[in-house]
Ligand code: ACM
Ligand code: ZN
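In the numbering used here, the protein residues as written are 3 to 537.
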């Protein structure tokens, strides 16, 4: 920590001149950037100086091949005097996560040097370099000489994707991860189960996917008095091999996947396969409409907990990260009120109401999760009836849940519906927009969000891990619409979670976004183009 702080201080002292007017198309905006004049020409004869099996070196090499037809070599020897890209990874024991993610990028006429404590920092330095390259193919890619010293504001820089309501293929999920990587997000919250579909193979319970992974048909449009269905069977799931491949892909890109396995509500697809873990015994069908099913896991039945624990054991084998998201949101209590087993549980455990029963449920699961060395995250309803002792809270019904949790010394991820739900409209001209769930979260409202509430004391503010954008997919039927709803709002959020507030500027962001969007064009991203009309 100390050494890194020292390096950063040297940079700050040397280059403390504020960001000038020239626009460098890096998103998120680096925290210190100083132009030094001149250009470096990257070409076929450039050498990446790095360990040959460094993923970061390979990543840069293949990026140059794929996008520019430039064939550079990787060499582990000391850099030649010119025409090099030197990747220096100074491993340091006891470095914090923020240290590991920091980097320095120096471009001179002779070459490029990226220095970092951890490989994550090297990766982010490469992402910044990539965004500085001209987008047009050329045998000489001229890069402006400059010095950057950069580190993130928050440790949780998240994007979520709901793959239950609609299913996205392995390659589409990887493409989503590519966007996250480009904008230096480090957390992918993968919503894998819900009333409308169970999307992860669990070997011990094959009916989760063969029954719960399918639905007979899907509601057309929004629920109304005259519901119409499409009459088409819909389904899909990720095999454990798919999951391993996606986790490996994300891990290489320094992205941790937080799988979400919903409980005790949003569980109808699971109960369609295994109705014995409900209060009534079923039978059930995977939900074909939107909204929330009243049938949920029975909290009075011990075998429900065994079922969930067995599922989580398989999940833990697939996901190396420390967090599992257990949902906890929007659990109707109707069935619990009538169920003899749930009522007995409440009496035996001296629980005064169904909220306390939910708290009992979550706390019992947390105990199991902690015993496996993992931590739970839950939506802010897990505050109702009392927080499980070690839970991290994801604040979605506004920020008050996050504030309450931080005041109780619990970690918090801020994802308030306004402005962090990217399934909401981004323009007031709704008739010209694809159908969305509602709301209005335009690009500037995302950009101007500050995840750290002023009402918290400095000590309490330390519990805010960061923020996340959520992409719920009831009305997002294909991946090109995922891109439309998440881009460029994801770009704005990346700056919220990375850049110090004093280094942010919306009009400068729009200028950079216009340049950066050429990379999105090259990726064939179907991003929303409203910002192209802004000054
Ligand atoms: C949620 O949007 N139900 C977390
Ligand atoms: Zn019950």
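The C-beta atom is built at its ideal place from N, Cα and C for all residues, glycine as well.
Near residue 1, which residues of its chain fall below 8 Å by C-beta distance, leaving aside the five closest residues on each side in sequence?
With the chain running from 3 to 537 in the structure shown, residue 1 is simply not present.
If you follow the beta strand (DSSP E) that residue 341 is part of, which residue opens it and which one closes it?
Here residue 341 refers to the residue found at position 339 when the chain shown is read from its first residue. Neither: residue 341 is in no beta strand (DSSP E) and is coded neither H nor E.
How about residue 190 and residue 257: are their beta carbons less than 8 Å apart?
Within the chain shown, the letter at position 188 stands for residue 190. Within the chain shown, the letter at position 255 stands for residue 257. In contact: residue 190 and residue 257 (Cβ atoms closer than 8 Å).
Cα separation between residue 195 and residue 151?
Against the chain shown, residue 195 aligns to sequence position 193. Against the chain shown, residue 151 aligns to sequence position 149. Rounded to whole angstroms, residue 195 to residue 151 spans 40 Å at the Cα level.
Status (buried if at least 16 other CB within 10 Å, exposed otherwise) for residue 250
As a working mapping, residue 250 is identified with position 248 in the chain shown. Looking at its Cβ environment, which holds fewer than 16 other Cβ atoms inside 10 Å, residue 250 is exposed.
Quick check on residue 457: buried or exposed, where buried means 16 or more other Cβ atoms within 10 Å of its Cβ?
As a position in the chain shown, residue 457 is number 455, starting the count at 1. Classification of residue 457: exposed, given that the 10 Å Cβ count is below 16.
Hey, how far is the Cα of residue 537 from the Cα of residue 510?
Locating residue 537 in the chain shown gives position 535, where the first residue counts as 1. Locating residue 510 in the chain shown gives position 508, where the first residue counts as 1. Approximately 9 Å, taken between the alpha carbons.
List the DSSP bridge partners of residue 162.
The residue you call residue 162 lines up with position 160 of the chain shown. Answer by DSSP bridge pairing, in chain order: 191.
Have a look at residue 253 and residue 143 and give me their C-alpha separation to the nearest angstrom.
In the chain shown, counting from the first residue as 1, residue 253 sits at position 251. In the chain shown, counting from the first residue as 1, residue 143 sits at position 141. Their backbone Cα atoms lie some 29 Å apart in a straight line.
Delimiting residues of the beta strand (DSSP E) encompassing residue 38:
If you number the chain shown from 1, residue 38 lands on position 36. Run containing residue 38: 34-44, per the beta strand (DSSP E) assignment.
What residue range is occupied by the uninterrupted beta strand (DSSP E) comprising residue 135?
Indexing the chain shown from 1 puts residue 135 at position 133. Residue 135 -> no beta strand (DSSP E), and no H or E assigned at all.
Stretch-stretch touch, CB-based, cutoff 8 Å, three pairs: the region 506-524 with the region 26-44:
yes
Give every residue whose Cβ lies closer than 6 Å to any heavy atom of ligand 1, listed in chain order.
331, 332, 381 and 398
Alpha-carbon spacing of residue 202 relative to residue 241, whole angstroms
If you number the chain shown from 1, residue 202 lands on position 200. If you number the chain shown from 1, residue 241 lands on position 239. Looking at the two C-alpha atoms, the distance is approximately 6 Å.
Confirm the yes/no value for this check: CB of residue 192, any heavy atom of ligand 2, distance under 7 Å.
Here the question's residue 192 lines up with position 190 in the chain shown. Residue 192: no, Cβ never under 7 Å from ligand 2.
If we ignore side chains and look at the alpha-carbon of each, how far apart do residue 19 and residue 35 end up?
As a position in the chain shown, residue 19 is number 17, starting the count at 1. As a position in the chain shown, residue 35 is number 33, starting the count at 1. Low confidence applies here, because residue 19 scores a pLDDT of 38, under 50, leaving its location unreliable; read the following figure in that light. If I take the Cα positions, the gap works out to 8 Å.
heavy atom of ligand 2 below 7 Å from residue 366 C-beta:
Counted from its first residue, the chain shown places residue 366 at position 364. Flag unset: Cβ of residue 366 not near ligand 2.
Cutoff 8 Å; reference residue 114; Cβ partners in own chain excluding five residues on either side
Counting from one through the chain shown, the residue named residue 114 turns up at place 112. For residue 114, where only same-chain residues beyond five positions count, the Cβ hits under 8 Å are 42, 44, 86, 87, 88, 107, 108, 131 and 145.
Assumed close pair residue 380, residue 393 - CB separation to whole angstroms, cut-off 8 Å:
Mapped onto the chain shown, residue 380 falls at position 378. Mapped onto the chain shown, residue 393 falls at position 391. About 6 Å separates the two Cβ atoms, so the contact holds.
Residue 50 vs residue 63 beta-carbon contact at 8 Å
Position 48 of the chain shown, counting from 1, holds the residue named residue 50. Position 61 of the chain shown, counting from 1, holds the residue named residue 63. In this structure, residue 63 lies closer than 8 Å to residue 50 by Cβ.
Counting only beta-carbon atoms, is residue 217 nearer than 8 Å to chain C?
Considering every chain present, this structure includes no chain C. It has just one protein chain.
Out of curiosity, what's the CA-to-CA distance linking residue 72 and residue 103?
Translated into the one-based positions of the chain shown, residue 72 becomes position 70. Translated into the one-based positions of the chain shown, residue 103 becomes position 101. So the two alpha carbons sit approximately 28 Å from each other.
When the Cα atoms are used, what is the spatial distance from residue 229 to residue 222?
Walking along the chain shown from the start, residue 229 turns up at place 227. Walking along the chain shown from the start, residue 222 turns up at place 220. When rounded, the distance between both Cα atoms is 7 Å.
Exposed or buried, residue 206, counting other C-beta atoms within 10 Å across all chains shown (16 or more means buried)?
Your numbering for residue 206 matches position 204 in the chain shown. Counting Cβ neighbours within 10 Å, residue 206 comes out exposed, since fewer than 16 surround it.
Spatially closest choice to residue 351 from 200, 302 and 31, by CA coordinates
On the chain shown, position 349 is the one that residue 351 refers to. If we check each option's Cα against that of residue 351, 302 comes out closest.
Rounded straight-line distance, which links the Cα of residue 467 to that of residue 158
Here residue 158 is taken as the residue at index 156 of the chain shown, counted from 1. Here residue 467 is taken as the residue at index 465 of the chain shown, counted from 1. Distance between the alpha carbons of residue 158 and residue 467 is about 5 Å.
Could you tell me which of 333, 166 and 489 sits nearest to residue 471, measuring between CA atoms?
As a working mapping, residue 471 is identified with position 469 in the chain shown. Closest option to residue 471, Cα to Cα, is 489.
Using the Cα positions of residue 505 and residue 453, report the straight-line distance between them to the nearest angstrom.
What you label residue 505 is simply residue 503 of the chain shown in a count that begins at 1. What you label residue 453 is simply residue 451 of the chain shown in a count that begins at 1. Each residue's alpha carbon lies about 16 Å from the other.
Express the C-alpha separation of residue 513 and residue 98 in angstroms, rounding to a whole number.
Stepping through the chain shown from its first residue, residue 98 is reached at position 96. Stepping through the chain shown from its first residue, residue 513 is reached at position 511. Their Cα atoms are separated by approximately 33 Å.
What first and last residue would you give for the beta strand (DSSP E) that runs through residue 274?
Position 272 of the chain shown, counted from the first residue, corresponds to residue 274. No beta strand (DSSP E) contains residue 274, which is instead part of the alpha helix (DSSP H) from 270-275.
With contact counted as at least three CB pairs below 8 Å, one residue from each stretch, are the region 404-414 and the region 332-342 in contact?
no
Can you look up residue 534 in the DSSP assignment and give me helix, strand or coil?
Stepping through the chain shown from its first residue, residue 534 is reached at position 532. The answer is helix: DSSP assigns residue 534 an H, G or I state.
Chain-ordered list of residues that sit, by beta carbon, closer than 7 Å to a heavy atom of ligand 3
As far as ligands go, the structure on display features ligand 1 and ligand 2 and does not contain ligand 3.
Which of the three DSSP states is assigned to residue 201 in this structure?
Numbered from 1 along the chain shown, position 199 holds the residue referred to as residue 201. If DSSP states are grouped into helix, strand and coil, residue 201 belongs with coil.
In angstroms, rounded to a whole number, what distance separates the CA positions of residue 200 and residue 271?
For the purposes of this step, residue 200 is taken as residue 198 along the chain shown, with counting starting at 1. For the purposes of this step, residue 271 is taken as residue 269 along the chain shown, with counting starting at 1. C-alpha separation (whole angstroms): 6 Å.
Would you decide whether residue 79 is buried or exposed? Buried here means 16 or more other CB atoms lie within 10 Å of its CB.
Numbered from 1 along the chain shown, position 77 holds the residue referred to as residue 79. Its Cβ having fewer than 16 others within 10 Å, residue 79 is exposed.
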